[in-house]
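Working notes for the structure below.
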Amino acid sequence: MLPFYQNLPFFSIMLAMLVSIVCPLVKRTRPCYNLTVLATAMLFIFSVIVAICTGLQGESFTYQLGHFPAPWGNELRAGVLEGIMAACFTGVMLLSLTGGHQDFESDIENGKQNLYFLMINLLSASLLAQVYTNDMFTGYVFLEISGIAACAVVMATQTGLAIACTIRYMIFNSLGSGLFLLGVAILYRCTGQLLMEPLHNAVMLLSAQGSMVWPMIVSLGLMTVGLAAKSGQFPFHSWLPGAHSNATTTSSAILSGLVLKGYIIFEIKIIVRVFSLELLRQWHLTDILFLFGVGGMIIASLRARKEEQAKRMIAFSTVAQIGYIYAALGLGTKLGIAAACFQVIAHAFTKTMLFASVGTLIDVSGHEKRLHYLRGSARRAPLAGAAFTLGGLSLCGLPLLAGFGAKYLIANASFYNRYLTVAMLLALAFSSLLNALYYLPAIINFWMPPLEDYPVVRSDRSRRFSLIAFMIVNVALGVWFVPIMNLLLHGIELL
Amino acid sequence: MILLQCLLLLGLIVCAASLPFIKRLLTTAIVFMAYSSIMAILWVMLESPDLAITEAAVGAGVTTVLFITTLSRIRELKGVDDDDRT
Amino acid sequence: MTEPNGRFSQWLRGETDLFDEARSLILNQDGVPPADPPKKKPKRRKTGAMLHRRYTMFHILFVTSCILLLALLLSAVMDLPTFGDPYAPSSNEVSDRYVADGLEETGALNAVAGMILDYRAFDTFGESTVLFAAAISVLFLLQHRTDSHRHAFAPVTTNENDLILQTAVRISFPFILMFGSYVVLNGHLSPGGGFSGGAVLGAGLILYGAAFGREGLSEKLPPERTSRITVICLLIYAALKCFSFFTGANHMAIEIPKGIPGAILSSGFILPLNICVGIIVACTIFNFFLLITEGDD
Amino acid sequence: MLEHIINMRFEIAAVFLFAIGFMTLLHPNLIKKIIGINIMDTSIFLFLAAAGYVDGRTAPIVTGLGADPSQYINPVPSGLVLTGIVVSVSTTAFFLALTIRLYRKYNSLNLDKILLLARKGKEKV
């Protein structure tokens, strides 16, 4: 009999799927919202248990779905890294959901809010599946699910611009998963395996013999480009600002904080578990990743400065932070991967806090989106203003905050790669400066005396709790980033 | 047998390549139906009958019917559907 | 100390905005800033020519990346194992077991149905959820906001009583249903299965819906009912598969009777799963058709 | 070389179809973009299913117990493609629903024109 905690990854995916399937039967909004929050809380508890138990055991386990062992049947695999990532994703989902139940009623039609919660549950199900899966085709299926669910969440407000940005997002989604499936098809053609461990052995055997190396490079390139297109990486990011700025406050927080990260974790598992890092360095694919990452960091930050709307500015800064992650992946060392994972966690918490706080600031100042008219809105909603300030400073790299931890770890990881150290440090410094050039003016703008006095509106109590929780976690990440880093490094060893 | 497969593949490529140049949207839907039917025949030649039934029912049948009903909803069928104008 | 009316001290008193380059704007005495936001710098309006130039640059980039992708793929295809080669790496011990031991492990004669619904059933559960998510988002987009004015469901063909179509459908509809249900029920014995049979059933329902319009199926199968049926089938599928995954993972040897190979009621869970998937696919496809023709008017 | 091309006809055709589908994405009309995405998907499925075919073998419908695997083709790719076709139907239906809503609001199928109108906030309804 398996120890009980090994069933938890399977239970958490099935729970999320079942809750999302049941949602259309629950007609009214409140019970559906409570069901979603309860389910996300249970997912968070399950993931924390998985992280702790695998941490104590010190080794990852595989969970065989069905009666047939690995290469024939399907399989889930969970370890310390997967546990931490799942706990972080479900935790952020829980906090952003508890804060948002007022703007569901206002933004989404009353007859269709249970369908919106269905899509949110599907997003958390596909996030967990991408973290835990050990099979490439299951990964493709859950890429599709999170693609369709994310598009449905973006168009929930049903305004003209939202639907136009949704169809653009859907085109990039289909393109991304099409390229990924083509990569899996070529890999299946060369090796005949679909599960990650036998695939790894077959790839190692083939690269040792030196036969069919070029198709494997092309297949890995296609998979990376497909996942980069879906996670809004630099050359394929044109859909991201429109999609993330036209969604409701909670959904834009979930979209940019979590959905993009599911694809990146799946990318990290493919890189580390199927093609080992040495192979990537040998094929020089890490340098291409590094190039695109740095490009994303610089150009997206430059583009963010020209934005007048608050949400679009933050969406462009998301593209820049995704560039950080891909640049850290491009360093090609285990330390670089651990730094990328820490950046994923730090960005998930910081970006969700930013979107939540800007949403509150916009609600308080009469739904005015442009930065100039949001002037002085922080004085009307001090907690949201403080959260935005903390988030902005964290992304600029102020010490004792999560952003600084991520930047420090990426810089530290770059010392182990002789060629890229200088380039990485320059890119980090320049993009941090650019971040400061558009976050600090925004922060100052929020705290200046307001133009005309809007009636002071008390931001709803639950949003207060989630903002405070985000701030605490941000500072905690900034202070204890070294122990978290060792945990992540240990997790990657087990991957 | 190989010659027939090559001809069908050429037919596929011709169908697909002609799509951007057709002006009327209804014609593109019907060319897409032809494309799916040829694909269904190819599945039979590749010895996978499940795919042939699915592709025939889904590709040629349902997808094209959805396209045509969408065009009728957009009132394209009344001959006003040069895609440059809309 | 900074002189009293220096820019910084003025900013401290909140009179000026650090970023207004246009000093004349700031110095209007009553300190009320202009109504529309002073632009950071005059925003160049995207003239037609500039738009055109940006698009051609985007097109060139797109075409070159497409040609590069084509060259990459063709060079990769040249190195792949040849088509139809019996010793290709993909026909290895994995696929041999699906065919060789497939019958006694799953009881299904059709190795593909055995693989989809028993060996790798988690993918198919994801598949049905993809269909369900698409059906719900189309419902989300096109469902009637107010059910009060249920718009008369005009069939695609303009005149209602098109005799030829209706008699043709009246003759062929039962055979389509029979063929579709045959394909679903015999999924584990002959080629077909839940997806193909469901698609055939869905296409048959669409044909009936298109021919008979209002008093046809859309009264008996409105979008709410089809999504309820889909939810029930998905729950049955999830229940069956959770049972077999859980018992499989914990190595509980609970034997599901495989029946006599070749009989309809054989191969354990595959038959009920095929029926569930068939119903899900048929309902979803008919739902798409119904919503696209009738919804949101 | 020509012999190799004839031998790899399915894969080369799939790659060309993928490129053609990728190119039709360039067309501003929404319906053409959706058909382009459909062509890309079916070309990937053609590539995947061609991986499973083995010369001189029949469809994987076993007749009795202990079937000899050397007589049947590889069932794995046709299983994957079967689920893939259903995915492309659902994405197409979602696209078409979005197109109808956009046409209702902006009376146009040209995505570039729609985005310009949407940014200027000109909704017909």
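Chains as they are written, first to last, in our numbering: chain Y, 1 to 495; chain Z, 1001 to 1086; chain U, 2001 to 2297; chain E, 3001 to 3125. Just so you know, even glycine gets a beta-carbon here, dropped at the ideal spot from N, CA and C. Please read these numbers as outputs of a predicted model, since none were measured by experiment.
For Leu1019 (chain Z), the chain E residues whose C-beta falls within less than 7 Å of its own C-beta are Thr3024, Lys3032, Ile3035, listed in chain order. When the beta-carbon positions are compared, Ile322 (chain Y) and Ile268 (chain Y) stay at least 8 Å from each other. Taking the beta carbon of Glu144 (chain Y) as reference, the chain U residues within 7 Å of it are Val2130, listed in sequence order. As the crow flies, the alpha-carbon of Ile314 (chain Y) is around 12 Å from that of Ile443 (chain Y). Taking a C-beta distance under 8 Å as the contact criterion, Thr2106 (chain U) and Ser2267 (chain U) qualify as a contact pair. Contact annotation: Leu426 (chain Y) and Asn474 (chain Y) have beta-carbon atoms that are not nearer than 8 Å. Interface with chain Y (8 Å Cβ-Cβ cutoff): Glu2127 (chain U) is included. In the DSSP assignment, Asn2092 (chain U) falls outside any alpha helix (DSSP H) and carries neither an H nor an E.
Interface with chain U (8 Å Cβ-Cβ cutoff): Ile1074 (chain Z) is excluded. Residue pairing for Tyr3072 (chain E): DSSP places it in a beta bridge opposite E:Thr3058.
For Ala436 (chain Y), no chain U residue has a Cβ inside 7 Å of its Cβ, as the nearest lies near 14 Å away. With distances taken between CA atoms, Phe290 (chain Y) lies nearest to Y:Gln233 out of Y:Ser238, Y:Lys311, Y:Gln233.
Scanning Y:Ser245, Y:Ala16, Y:Thr62 for the CA closest to the CA of Pro3 (chain Y) turns up Y:Thr62.
Pairing Val294 (chain Y) with Ala247 (chain Y), the inter-Cα distance amounts to about 28 Å. For the region 3037–3066 of chain E, the set of positions with a beta-carbon nearer than 9 Å to some beta-carbon of chain U reads Phe3047, Ala3050, Ala3051, Gly3052, Tyr3053, Val3054, Asp3055, Gly3056, Arg3057, Ala3059, Pro3060, Ile3061, Val3062, Thr3063, Gly3064, Leu3065, Gly3066 in chain order.
The Cβ neighbour count for Ser431 (chain Y), taken over all protein chains shown within 10 Å, is at least 16; the residue is labelled buried. By the criterion of a C-beta distance shorter than 7 Å, Phe3095 (chain E) is surrounded in its chain by Ile3034, once the five residues flanking it on both sides are discounted. In the DSSP assignment, Thr62 (chain Y) falls within the unbroken beta strand (DSSP E) covering 61–65. Taking the CA atoms as reference points, Ile288 (chain Y) sits about 16 Å from Ala340 (chain Y). DSSP lists Y:Leu76 as the bridge partner or partners of Thr133 (chain Y). Per the coordinates, the alpha-carbon of Met155 (chain Y) lies some 15 Å from the alpha-carbon of Asn110 (chain Y). Between Lys3105 (chain E) and chain Y, the shortest Cβ-Cβ separation is below 8 Å.
Interface criterion met: the Cβ of Cys2242 (chain U) is under 8 Å from a Cβ in chain Y. Relative to Ile468 (chain Y), the option among Y:Val37, Y:Thr389, Y:Ser414 whose CA is nearest is Y:Thr389. For Trp283 (chain Y), the enclosing alpha helix (DSSP H) has its first and last residue at 277–283. Interface with chain E (8 Å Cβ-Cβ cutoff): Phe2195 (chain U) is included. Close CB contacts of Val141 (chain Y) within its chain, under the 6 Å cut and outside five residues either way in sequence, are absent. Sequence-distant partners of Cys396 (chain Y) (beyond 5 residues in either direction) whose C-beta falls short of 8 Å from its own C-beta, in its chain, are Gly403, Ser432, Asn435, Ala436, Tyr439, Leu440. Rounded to the nearest angstrom, the gap between the Cα atoms of Glu307 (chain Y) and Gly242 (chain Y) is 12 Å.
DSSP places Gln309 (chain Y) in the strand class (E or B) of the three-state scheme. In this structure, the alpha-carbon of Pro3077 (chain E) lies about 47 Å from that of Ser106 (chain Y).
Taking the CA atoms as reference points, Glu1055 (chain Z) sits about 16 Å from Ala3014 (chain E). Cys190 (chain Y) places its beta carbon 8 Å or farther from that of Phe117 (chain Y). Gly2192 (chain U) places its beta carbon 8 Å or farther from that of Leu2290 (chain U).
Taking the Cα of Asn134 (chain Y) as reference, the smallest distance to any Cα among Y:Ile108, Y:Gly376, Y:Leu195 is reached at Y:Leu195. Within chain Y, the residues placing a beta-carbon under 8 Å from that of Val2231 (chain U) are Ile21, Val22, Pro24, Leu25, ordered along the chain.
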